[in-house]
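Under the working numbering, think of the first position of the sequence shown as 344, with each following residue one higher.
Using N, Cα and C, we set each Cβ at its ideal position, and we do this for glycine too.
Worksheet for the structure shown next.
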Amino acid sequence: MDIISTIWSAFVQTLPDTAEYPELSQEFFEAALLVFHSIAEKSPHEVKFGEYLRHWADILLSHRTTEVWPYMETIILLSDAVQFVGREPVDHMLLGSLRLVKACLDLADSNGTRVDTL
């Protein structure tokens, strides 16, 4: 469990930096979610659910999403009339953070841990 705890600590320390690179954070959040589940299921008493929720909420509230497609410049050069039909580009910072928040709430509930959400 010490190795997973060390890995989780690294994720917790790095998570605020993902706001600077939201387009590159998809794999980070997928791995963080897996490690969080491992920690919460094996040692729920070591998980600071309330602290994590407050910390992640602060990160989410300070995050500014951009609606710029990474290859928009290339596409515009090909045609000025290109329109995208379907879903918007995914903000992986926002999606990953929300998945962690949901997992935190779900795991706290399943462990009978009361979490202050204020």
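**Asked** Any idea if Ile346 is buried or exposed, counting beta-carbon neighbours within 10 angstroms, 16 or more meaning buried?
**Response** The residue you call residue 346 lines up with position 3 of the sequence shown. Exposed, because fewer than 16 other Cβ atoms sit within 10 Å of the Cβ of Ile346.
**Message:** Just to confirm my understanding: we take Leu450, look at its own chain, exclude 5 residues before and 5 after, and list those with CB closer than 6 Å. What are they?
**Reply:** Start at 1 with the first residue of the sequence shown, and residue 450 comes out as number 107. Non-local C-beta neighbours of Leu450 in its own chain, meaning closer than 6 Å and more than five positions away in sequence, comprise Ala383, ordered along the chain.
**Request:** Give me the Cα-Cα distance between Ser348 and Met436, rounded to the nearest whole angstrom.
**Result:** By one-based count along the sequence shown, residue 348 stands at place 5. By one-based count along the sequence shown, residue 436 stands at place 93. Going by the C-alpha atoms only, they are around 23 Å apart.
**Message:** Closest to Asp401 by C-alpha separation, out of Leu441, Val378, Asp452, Gly455, would be which residue?
**Reply:** Residue numbering aside, residue 401 sits at position 58 when the sequence shown is read from its first letter. It is Leu441.
**Message:** Mapping the DSSP letters down to three states, classify Ser422 as helix, strand or coil.
**Reply:** In the sequence shown, counting from the first residue as 1, residue 422 sits at position 79. For Ser422, the predicted model reports a pLDDT of 42, less than 50, meaning its position is unreliable and no value from the coordinates is stated.
**Message:** Need the endpoints of the alpha helix (DSSP H) that Glu373 sits in, please.
**Reply:** By one-based count along the sequence shown, residue 373 stands at place 30. If you look at Glu373, you'll find it in the alpha helix (DSSP H) that goes 369 to 385.
**Outcome for Leu443 when other beta-carbon atoms lying within 10 angstroms are tallied against a minimum of 16** = As a first step, residue 443 is located in the sequence shown; it is residue number 100 there, counting from the start. The residue in question, Leu443, is buried, as its Cβ has 16 or more Cβ neighbours within 10 Å.
**Request:** Could you tell me if Ala375 is buried or exposed, where buried requires 16 or more neighbouring beta carbons within 10 angstroms of its beta carbon?
**Result:** The count along the sequence shown starts at 1 and reaches residue 375 at position 32. That one is buried.
**Request:** Could you check the C-alpha separation between Asp459 and Gly393 for me, to the nearest Å?
**Result:** Mapped onto the sequence shown, residue 459 falls at position 116. Mapped onto the sequence shown, residue 393 falls at position 50. Rounded to whole angstroms, Asp459 to Gly393 spans 6 Å at the Cα level.
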